[in-house]
Structure formats: structure tokens, C-alpha cells
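K.L.:
For the record, the sequence lines run as chains F and H.
Taking the numbering used here, the leading residue of the first sequence gets 33, the next gets one more, and so forth.
Taking the numbering used here, the leading residue of the second sequence gets 632, the next gets one more, and so forth.
Here a beta-carbon is modelled for each residue, glycine too, at the ideal position from N, C-alpha and C.
Supplied in C-alpha cells, the structure appears directly below.
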Amino acid sequence: MCVTCGCNDHHAHADVHQHKNLSHEHHELINIEQNVLETNDRFAADNRKQFKDRSILAINFLSSPGSGKTSLLLKTIQHLKKDFAIAVIEGDQQTDFDAQRIAALDIPVKQINTGKGCHLDAHMISHAIDQLPLPAHSLLFIENVGNLVCPALFDLGEAFKVMILSVTEGEDKPLKYPYMVRESQLMIINKIDLLPYVDFDINQCIQYALSVNPQLTIIQTSVTSRQGLDQWHHWLKSRATTAASLVS
Amino acid sequence: MHELSLCRNIIKIVQDHAERHQKKRVFKITILIGDLLAVDCKALAFWFNVVAQGTVAEDAKLDMINVIGTELVVKSMEAE
Chain F
33 MCVTCGCNDH HAHADVHQHK NLSHEHHELI NIEQNVLETN DRFAADNRKQ
83 FKDRSILAIN FLSSPGSGKT SLLLKTIQHL KKDFAIAVIE GDQQTDFDAQ
133 RIAALDIPVK QINTGKGCHL DAHMISHAID QLPLPAHSLL FIENVGNLVC
183 PALFDLGEAF KVMILSVTEG EDKPLKYPYM VRESQLMIIN KIDLLPYVDF
233 DINQCIQYAL SVNPQLTIIQ TSVTSRQGLD QWHHWLKSRA TTAASLVS
Chain H
632 MHELSLCRNI IKIVQDHAER HQKKRVFKIT ILIGDLLAVD CKALAFWFNV
682 VAQGTVAEDA KLDMINVIGT ELVVKSMEAE
């Protein structure tokens, strides 16, 4: 039993309630029943509709910092830019380093600096897509802030969430950060060229990830040795083709 | 850290409803938090105290009820 208000142990409290000589009879109970993420979800729904109407495939890339997201993105863009119009939204707390790397490939890019914020939200994306050339059938890559926790909660309107985990991070991460794994449709295990040099049990990692999300597709890649990139490009192209066929 | 933005959303919802019902002070806010969400109750309580300062909810108790699933809902508030 909770000593703060006598409710059961499943409660937690922000313990600042002082009552200030007022009794409960003065209080009116107002029913609200409103989703805390309602505003975000409304922007996400608008973004998703825009993407669908214009047959744009939007992918939300999620990972910890330093997993090789941007390097993988650069390789992917180099491979696909002759076949698809591509635009990129980069999310980082500070700097436009990543946007500069993308812009060097002549790809339209919008950098979002979240400052103290730890994730992108759908409202930020709605402004970014207004400022990017996004013709029908294009690919929109959204590189979220490097963080395995917070971005999992915020729908941006993307078609797919792709989580990237590198072998230098440890095979236990899918269990340590299960929310991200559960939200993702694809997990890329990156930097597999480093497997001989690190203590990383890849089979255990895959088993952990599938125990959290049995529907998860897993692709192993290395941007350096190019292993697995064909499989990743194939996954992406087949989704892009499906998105294009949805347009009437 | 994302609990900070969740608290801003909660306060915004509470302020809107307080205004709509012409309430000056909110004493208790009840929210439902699904166990499948990456939401930490202690972090939420911490940020709530910070964000609520100077608002109708600055003296409010945040009552967090854990539920099964992915719900994240402001259920009700007590105000005058």
C-alpha cells in the first residue's frame, strides 16, 4: 500500500500536492481521456498521408551514436541515386556534419538540430518536408538522433523503422533496449567486418532480437567490406516499388 | 529524457481543459502508462515538477497508473 495516498503499489507520485487548507469537496473531477502523444500522432498521420499520396517511401533510421548510420546511408544513396529521387532529413542535437556529408553527394538534405531534445518528432518532420524537394516516387531517409531509447516512442509518419546495431556495441543490446527492437521492422547488424576483432556473439544477438520481436527482419552488413549491402538494397528497392505501386 | 517532452504535452492538455472548464487550480492529474512503452515513471515525475511550475498544475499531484499495453493517456484531473 502506498503511503502517499493509500492507493496500490502500482502508483508512483510527483509528490508536490499540498492541498493548502482545501478539502476534496472543492475539487471537480474532469474526465479527459486524451492521448499524451495526440499532437505528435496527428502530425505523423498528416505526414504519412502526404507520403502515401505522393508515393514516397519514408524510412526512419534509429540507432545509438556511432553505429555507422550515416556511412551506411551514404553508401545506400550512392547505389540508389541513379534510380530514385532521394532526400534526407538529419537529426542531431548539434552540428550539421552529417548534412554536409549528404549534401556532398548532391542530395537535398535538411538538418534538424534538436538542441537539448533527444529525438525527432512528427512536427519537426512536417516542417522539414515542406522545405525539401520530394517528387512522387522518391525515397525519404530520416536519420534520427543517435539514441536507442527515446526515438522509439515518436511516430514520424514513416513507412518503416530501421534499427541499426553495430558489432562493437555488444550482443545484449536488443534485450537492454527492447522498445526500439519491438518498434522496428528491420534490424541491420553493421560493421560485421570487425567480428574477428570484437567479442560479439552474432547468433546470440539475433536470438535476443527475435525473442523481443519475432517479426523482425535482420540483415548483416559492412559498409567497409560491402558485405550484405546487396541484401539491404534489395530490401529497400522492393519496399520502394511497393510504395510506387500504391499510387493510382 | 523524452519524459520532458511528454510532460510538456501533459501540461498542455491539462491547461487546455482547465481553461475550457474555467478552473484556476489543478490538484490531481491521473495518467495511464502502458507497460510496453519506454516511459519511466520516476523521470516523468521529476520532469512534471519542473514543467508544472508557474502553471495551473504547479501544486498538482501526478497519479500514474501502470496498465498493460501501449496506452499513454491523460485520464482525468481534479480542479477548482
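#1: Is it the case that the segment 181–195 of chain F contacts the segment 93–103 of chain F, given that we only count it when at least three CB pairs across the two stretches are under 8 Å?
#2: In its own chain, which residues sit with a C-beta less than 7 Å from the C-beta of residue 156 of chain F, not counting the 5 before and 5 after it?
#3: As a quick exercise: from H:699, H:667, H:655 and H:648, pick the residue whose alpha carbon is nearest that of residue 685 of chain H.
#4: Check residue 144 of chain F in the structure and name its three-state DSSP category.
#5: Which parts of the segment 632–692 of chain H are runs of the beta strand (DSSP E), unbroken and 3 residues or longer, counting only runs that do not cross its ends?
#6: Write down every uninterrupted run of the alpha helix (DSSP H) in the segment 147–175 of chain F whose length is 4 residues or greater and which is fully enclosed by it, in chain order.
#7: Nearest chain H C-beta to residue 55 of chain F closer than 8 Å, yes or no?
#8: Can you tell which of H:672, H:649 and H:663 has its C-alpha closest to the C-alpha of residue 634 of chain H?
#9: Please go through the segment 201–252 of chain F and give each complete alpha helix (DSSP H) segment of 4 or more residues, from N-terminal end onward.
#10: Could you check whether the Cβ of residue 682 of chain H sits closer than 7 Å to any heavy atom belonging to the ligand GDP?
#11: Taking three-plus beta-carbon pairs below 8 Å as touching, is the segment 227–240 of chain F in contact with the segment 197–215 of chain F?
#12: What residues from chain A crowd round residue 59 of chain F, counting only those whose CB sits closer than 7 Å?
#13: For residue 103 of chain F, does the three-state DSSP call read helix, strand or coil?
#14: At a Cβ cut of 9 Å, what residues of the segment 136–161 of chain F count as close to chain H, listed as they run along the chain?
#15: Give the secondary structure of residue 67 of chain F by DSSP, where H, G and I count as helix, E and B as strand, and everything else as coil.
#16: For residue 683 of chain H, which residues in the same chain have their Cβ closer than 7 Å to its Cβ, ignoring the five residues on either side in sequence?
#17: Compare the C-beta of residue 682 of chain H against all C-beta atoms of chain F and say whether one is closer than 8 Å.
#18: Quick one: what does DSSP say residue 193 of chain F is sitting in, helix, strand or coil?
#19: So is residue 706 of chain H in contact with chain F if we call contact Cβ pairs under 8 Å?
#20: DSSP three-state label for residue 117 of chain F, please.
#21: If you compare alpha carbons, which of F:221, F:246, F:260 and F:225 is closest to residue 282 of chain F?
#22: Quick one: does residue 642 of chain H have its CB under 8 Å from some CB of chain F?
P.N.:
This is what the structure holds:
#1: yes
#2: Here the question's residue 156 of chain F lines up with position 124 in the first sequence. Once the five neighbours on either side are set aside, the close Cβ partners of residue 156 of chain F are 144.
#3: Position 54 of the second sequence, counted from the first residue, corresponds to residue 685 of chain H. Closest option to residue 685 of chain H, Cα to Cα, is H:655.
#4: For the purposes of this step, residue 144 of chain F is taken as the residue at position 112 of the first sequence. Strand, per DSSP.
#5: 657–665
#6: 154–162
#7: Reading the first sequence from its first residue, position 23 is the one you call residue 55 of chain F. Since pLDDT at residue 55 of chain F reaches only 47, below the 50 mark, its modelled position is unreliable, and the value read off the structure follows with that caveat. It does not; no Cβ of chain H falls within 8 Å.
#8: The residue labelled residue 634 of chain H in the question sits at position 3 within the second sequence. Measuring from the Cα of residue 634 of chain H, the nearest candidate turns out to be H:672.
#9: 205–208, 210–215 and 234–244
#10: The model depicted lacks the ligand GDP and carries no ligand whatsoever.
#11: yes
#12: This model lacks chain A altogether, as its protein chains are F and H.
#13: By 1-based counting over the first sequence, the position of residue 103 of chain F is 71. Here residue 103 of chain F sits in helix by DSSP.
#14: 148, 149, 150, 151 and 153
#15: Against the first sequence, residue 67 of chain F aligns to sequence position 35. Reduced to three states, the DSSP call for residue 67 of chain F is strand.
#16: Residue numbering aside, residue 683 of chain H sits at position 52 when the second sequence is read from its first letter. Counting only Cβ-Cβ distances below 7 Å, and skipping sequence neighbours, we find 642, 689 and 691.
#17: Here residue 682 of chain H refers to the residue found at position 51 of the second sequence. Not closer than 8 Å to any Cβ of chain F, the Cβ of residue 682 of chain H fails to qualify, so no.
#18: Sequence index remark: in the first sequence, residue 193 of chain F carries index 161 (1-based). Residue 193 of chain F: strand per DSSP, three-state reduction.
#19: If you number the second sequence from 1, residue 706 of chain H lands on position 75. It does; some Cβ of chain F falls within 8 Å.
#20: On the first sequence, position 85 is the one that residue 117 of chain F refers to. Residue state, collapsed to three classes: coil.
#21: Because chain F in this structure spans residues 33 to 280, residue 282 of chain F falls outside the shown range and cannot be described.
#22: By one-based count along the second sequence, residue 642 of chain H stands at place 11. Residue 642 of chain H does not count as touching chain F.
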